[in-house]
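Beneath this line is the structure, given in structure tokens, with notes to follow.
In our numbering, the protein residues as written are 6 to 139.
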């Protein structure tokens, strides 16, 4: 077990190998990951973070004006297949999970297809849950 930014124990096997978390302080990073972990692909009983569908979450600090100190979040994610039946809803689900976080002004979510998702991108815990032993 390792500790995340807010001191909670977190199984390092639950961290997807290719996800980038950029330009956020430790607190926001931990809260963003926790929020994304509440979003599930309706066809797979594993959250989209551990599935490796989140490629990047980056923050941009607002440095002036009325929103000074707030952060805009940008998310790059993919789907398990271009034919995913929730392709239209998934970005909104991620946006809805992240937008209520304290300190977040705006959330933009883009679906990308490069690199193509494959099971090697899943966290070890996801592979175990899906009986995909490597």
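Every residue, glycine too, gets a C-beta built ideally from N, C-alpha and C. Only a predicted model underlies this, so the values are computations on that prediction, with no experimental measurement involved.
Going by DSSP, name the residue or residues bridged to residue i.
{"i": "residue 78", "result": "64, 112"}
{"i": "residue 26", "result": "62"}
{"i": "residue 52", "result": "45"}
Just to confirm before moving on: does the CB-CB distance between residue i and residue j stay below 8 angstroms?
{"i": "residue 41", "j": "residue 49", "result": "no"}
{"i": "residue 74", "j": "residue 28", "result": "no"}
{"i": "residue 60", "j": "residue 94", "result": "no"}
{"i": "residue 114", "j": "residue 87", "result": "no"}
Just the Cα atoms here: how many angstroms apart are residue i and residue j?
{"i": "residue 132", "j": "residue 124", "result": "8 angstroms"}
{"i": "residue 136", "j": "residue 56", "result": "13 angstroms"}
{"i": "residue 66", "j": "residue 78", "result": "9 angstroms"}
{"i": "residue 24", "j": "residue 43", "result": "16 angstroms"}
{"i": "residue 120", "j": "residue 85", "result": "11 angstroms"}
{"i": "residue 92", "j": "residue 58", "result": "12 angstroms"}
{"i": "residue 111", "j": "residue 39", "result": "18 angstroms"}
{"i": "residue 99", "j": "residue 89", "result": "15 angstroms"}
Shortest alpha-carbon distance to residue i belongs to which of the options?
{"i": "residue 36", "options": "57, 113, 106, 73", "result": "106"}
{"i": "residue 117", "options": "26, 104, 83, 31", "result": "83"}
I believe residue i touches residue j by the beta-carbon criterion, under 8 angstroms. Please report the beta-carbon distance rounded to the nearest angstrom.
{"i": "residue 126", "j": "residue 21", "result": "6 angstroms"}
{"i": "residue 51", "j": "residue 134", "result": "5 angstroms"}
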